[in-house]
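Read through the structure below, which is laid out as structure tokens, and then see the notes.
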Amino acid sequence: MDRGAAYRFFIIYLVMFAGIILRSFIETIQVWIFPQLQTWLLGFVLLVLAYYIVLGGFRVIVGICLLSCVHYILLPTYGFLTNYLHFSNLTPILEHSITDLFKASKQMSFSFLGVEILLICYPFIKKPKQSQKWVHAASFTLTLFYLSLVIFSLAFYSRGQLLNEEWPTLTLFKFIRLPFIERFEFVGVSFNLFRVLPILCLAIWAASRATKILFAVRQSKVVPLFLLMVFIMICLLPNRQSIDAGISFMSTIGCYLVYAYIPFLFVLHLFRKKERNPI
Amino acid sequence: MPIVIGYDKAEQNQIEMTVAAPIFKEDQTVSNKTYSSVSHTVRNAREKMRAEIRKPFSIGKLSVALYSKDLAKDGLVKILNPIKRDARVSNRCYLAIVDGKVKDLLESDFSLEEEKGVFLKELIDGKIKVGHLPRTNLHQFGYALHSEGMDPYLPILKLHNKNVRIAGLALFKDDKYASEINLDQMRVFRLLLENVNHGTYEVKLDHDSYAVVENQGSKVRYRMGGSSEKPEVTIDLKINGAITEFSEWRLTEQDKRKIEMRLEEQIIDTGKSLMHTFQTLQIDPLGIGDFVRSKTRNWNNAKWERQYPGMQIHIRASVNIVESGITKY
């Protein structure tokens with residue numbers, strides 16, 4: 000297996016991943032808050048910010064990632080929905096076939112993508128063995144968070160309604176009204192920035208790191224190039240259909256990458272190790 | 000920034016849109032001026048209206064949307080479409096049906112002090128919080144509309160001697176107006192629909208004496224029985240009540256039992272006649288189909304729609320008088 004080809008593929012994948020994440024965030028801003036907003040304008044501002052952060056190095060990025068926890072403070076707002084939840088929507092349990100469940104998992108894998116960046120970050124973690132339990136804890140928390148979102152959405156919407164809803168989790172916010180803020184979805188939509196920015200920075204950083212290993216160039220030299228690529232990419236996705244197509248394309252590739260290619264490499268690695276150290 | 004918008008049916012399949020625009024005066028009072036325009040689509044009617052209104056027109060504060068009964072008979076989906084599409088409209092927005100012309104209602108001076116939209120919003124809000132109106136809003140209308148075993152319902156407003164009153168509940172078959180129930184039936188309907196902890200019920204005892212029972216917490220439970228080929232549903236209702244008025248001189252334990260019994264009878268009678276109406280019209284505002292779906296594996300909507308009109312729905316009520324006010328008699 001050509002090591003370079005795998006790296007090159009991985010770099011392109013990460014840049015595209017950053018692009019699609021950023022574009023779908025800008026789209027929610029355009030639909031929910033500022034319909035007249037130009038894509039390139041917000042994209043440019045956020046990419047300049049990302050440039051600044053990525054140049055700060057891995058530690059700064061980790062700091063920004065910590066910020067992404069901020070959106071968990073929105074969880075209690077779901078308490079406003081209690082009167083409207085129909086938990087009977089969840090029953091009867093396990094009515095779907097295995098193929099249905101597999102299809103659904105493939106659809107949802109986009110939300111879980113990003114773990115593969117860990118492969119590149121790994122040398123930067125000080126005590127990898129001791130840190131392992133934290134990674135598992137983080138993964139558990141995130142899964143729990145997604146599970147609660149899914150349960151809330153299923154209980155809040157009827158089946159037909161959920162099919163018609165473009166952004167069900169954001170529409171949930173449309174229901175919340177506080178005495179000092181009438182439109183809570185504005186807060187909800189803007190809070191997504193805290194989820195988008197860390198992913199953006201991390202993906203760009205990982206791509207530039209991989210480039211450094213492969214071509215022995217300075218990381219700070221390639222970052223602007225990647226940011227430019229992301230910028231061009233977001234400008235080339237003008238509407239809902241193209242963004243949707245982009246997301247499903249990325250989630251297919253990502254799904255195979257995480258669930259097929261990386262396990263395959265692992266098996267290969269085990270195999271080679273045996274070959275090298277015969278007993 | 001209109002808080003209430005109304006829609007009427009106009010000639011040649013057009014829609015007449017009426018807006019009560021709030022006008023804020025210097026002495027901090029608010030009055031309304033109404034504007035109307037006619038078009039085939041809601042958005043175009045709004046666009047036409049822009050020609051008359053000097054200030055920017057945005058429906059971000061929309062709290063009540065009114066539809067005339069004639070319009071509702073043709074189906075509401077067409078008119079609700081722009082509201083569902085608009086990211087700016089709150090999902091808490093109330094929808095209501097007007098018996099008569101919406102334009103007449105909005106043009107009349109039913110509200111002396113408040114802005115008309117705020118008045119209507121508070122009227123509906125209040126009846127949901129302490130009255131007999133089941134909870135409805137834009138989200139719940141959509142929920143029931145898109146749900147397979149459920150049909151939506153909306154309150155009916157009526158102009159009566161320059162006052163707006165809630166006249167009953169409009170029941171829908173999908174998005175089309177199918178029938179309506181009056182206020183007395185609405186009280187029982189709400190008991191069968193959800194857990195309530197307010198509301199009063201008048202009980203007629205014999206020889207011209209009456210009692211009033213206040214609901215202090217009612218619980219409703221649906222139970223499945225029968226087979227999957229012939230499902231049966233039992234609606235179990237438990238009410239804790241307090242007697243707030245009694246037209247006799249003394250309230251004995253026997254009277255209490257009697258009041259309990261009579262109220263149970265009344266509720267069961269009204270409930271049965273309601274169920275009969277629903278089943279004949281093939282509408283399901285209580286969401287019994289949705290309940291059966293949640294208890295049945297491989298539920299089939301088409302099969303359910305054949306079963307529903309003929310199925311057995313039992314109603315059981317048990318009233319428990321727990322309080323009778325601060326006097327002993």
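Residue numbers (numbering that gives the first Met the number 0), protein chains in the order written: chain A, 0 to 278; chain B, 0 to 328. The beta carbon of each residue, even a glycine, is placed where N, CA and C say it ideally should be.
Looking at the structure shown, is residue i part of a helix, part of a strand, or coil, going by DSSP?
i: B:F171; result: strand
i: B:Y152; result: strand
i: A:F57; result: helix
i: B:N300; result: helix
i: B:R164; result: strand
i: B:G198; result: coil
i: B:D7; result: strand
i: A:Y50; result: helix
i: A:K273; result: helix
i: A:R26; result: Per the sequence presented here, residue 26 of chain A reads as Glu, with Arg not at that position. Note: A:E26 maps to helix in three-state DSSP.
i: B:V332; result: Residue coverage of chain B in this structure runs from 0 to 328, which leaves residue 332 of chain B outside it and unanswerable.
i: B:K203; result: strand
What does residue i reach in chain B if we use C-beta pairs closer than 7 Å?
i: A:Y12; result: The premise fails here: A:Y12 is roughly 32 Å from chain B at the closest Cβ pair, so nothing lies under 7 Å.
i: A:E26; result: Within chain B, no residue comes near A:E26; the closest Cβ sits about 12 Å away, beyond 7 Å.
So what does residue i bridge to, in DSSP terms?
i: B:P230; result: B:G225
i: B:E179; result: B:A169
i: B:P21; result: B:N31
i: A:H268; result: DSSP, once it has assigned bridges, lists no residue as partnering A:H268.
i: B:D235; result: B:R220, B:R315
i: B:S293; result: Per DSSP, none; premise fails for B:S293.
i: B:Y93; result: B:V63
i: B:M16; result: B:Y6, B:S36
i: B:N214; result: B:G240
i: B:D98; result: B:K157
i: A:F111; result: Per DSSP, none; premise fails for A:F111.
i: B:Y209; result: B:K203
i: A:L177; result: A:I180
Check the C-beta distance from residue i over to residue j and give it rounded, since I have them as a contact under 8 Å.
i: A:Y12; j: A:L213; result: Incorrect: roughly 14 Å between the Cβ atoms, too far for contact.
i: A:T168; j: A:S152; result: 6 Å
i: B:A44; j: B:S36; result: 5 Å
i: A:L196; j: A:I63; result: 6 Å
i: B:I96; j: B:K68; result: 6 Å
i: B:S146; j: A:R158; result: 7 Å
i: B:A308; j: B:L170; result: Inspection of the sequence shows that residue 308 of chain B is occupied by Pro rather than by Ala. At roughly 15 Å, the Cβ-Cβ gap does not stay under 8 Å, so B:P308 and B:L170 are not in contact.
i: B:S317; j: B:K203; result: That pair is no contact at about 19 Å.
i: B:A19; j: B:T33; result: 5 Å
i: A:F200; j: A:V53; result: Contrary to the premise, residue 200 of chain A reads as Cys rather than Phe in this sequence. Right, the Cβ-Cβ distance comes to about 5 Å (below 8 Å), so this counts as a contact.
i: A:V229; j: A:G55; result: At roughly 18 Å, the Cβ-Cβ gap does not stay under 8 Å, so A:V229 and A:G55 are not in contact.
List the residues of chain A that residue i touches, going by C-beta distances under 8 Å, in chain order.
i: B:N90; result: T170, K173, F174
i: B:H206; result: Those do not exist, as B:H206 stays about 43 Å from chain A at its closest Cβ, beyond 8 Å.
Please list, in chain order, the chain B residues whose beta carbon lies closer than 9 Å to that of residue i.
i: A:S157; result: G141, Y142, A143, L144, H145, S146, E147, M149, D289
i: A:S138; result: What A:S138 touches in chain B: nothing, since even the nearest Cβ is about 32 Å away.
i: A:Q240; result: What A:Q240 touches in chain B: nothing, since even the nearest Cβ is about 17 Å away.
i: A:N191; result: In chain order: nothing, as chain B lies at least about 14 Å away.
i: A:S219; result: The premise fails here: A:S219 is roughly 40 Å from chain B at the closest Cβ pair, so nothing lies under 9 Å.
Exposed or buried, which one is residue i when buried takes at least 16 other CB atoms within 10 Å?
i: A:A209; result: buried
i: A:Q131; result: exposed
i: B:K54; result: exposed
i: A:K273; result: exposed
i: B:L156; result: buried
i: A:M0; result: With a pLDDT of 48 at A:M0, under the threshold of 50, the modelled position of this residue cannot be trusted, and the question is left open.
i: A:Y51; result: exposed
i: A:M249; result: buried
i: A:G99; result: Before going on, a small fix: residue 99 of chain A reads as Asp here, not Gly. Exposed: under 16 other Cβ atoms inside 10 Å.
i: B:Q139; result: buried
i: B:N214; result: buried
i: B:Y305; result: Inspection of the sequence shows that residue 305 of chain B is occupied by Arg rather than by Tyr. When all chains shown are included, B:R305 counts as exposed.
i: A:N287; result: Since the displayed chain A opens at 0 and closes at 278, residue 287 of chain A lies outside it and no answer follows.
i: B:N194; result: exposed
i: A:I278; result: Bear in mind that a pLDDT of 47 at A:I278, under 50, signals an unreliable position, so the model cannot answer this.
i: B:C92; result: buried
i: A:I20; result: buried
i: A:F139; result: exposed
Taking C-beta pairs closer than 8 Å, name the residues in chain B that residue i reaches, listed in chain order.
i: A:G90; result: Residue 90 of chain A is actually Thr in this sequence, not Gly. Correct list: S293, K294.
i: A:E115; result: In chain order: nothing, as chain B lies at least about 34 Å away.
i: A:S152; result: The premise fails here: A:S152 is roughly 12 Å from chain B at the closest Cβ pair, so nothing lies under 8 Å.
Starting from the beta carbon of residue i, find every residue of chain A whose beta carbon is closer than 7 Å, and list them in chain order.
i: B:A86; result: V30, W31
Quick one: list the residues of chain A neighbouring residue i, beta-carbon separation under 9 Å, in chain order.
i: B:H131; result: The premise fails here: B:H131 is roughly 17 Å from chain A at the closest Cβ pair, so nothing lies under 9 Å.
i: B:H138; result: Y83, F155, Y156, Q160, T170, K173, F174
Following a CB-centred definition, is residue i positioned closer than 7 Å to any heavy atom of the ligand ZN?
i: A:Q240; result: The ligand ZN is not among the ligands present in this structure, which contains no ligands whatsoever.
Could one say the Cβ of residue i lies closer than 8 Å to chain D's Cβ atoms, at least one of them?
i: A:S96; result: As a matter of chain content, chain D is missing from the structure shown, whose protein chains are A and B.
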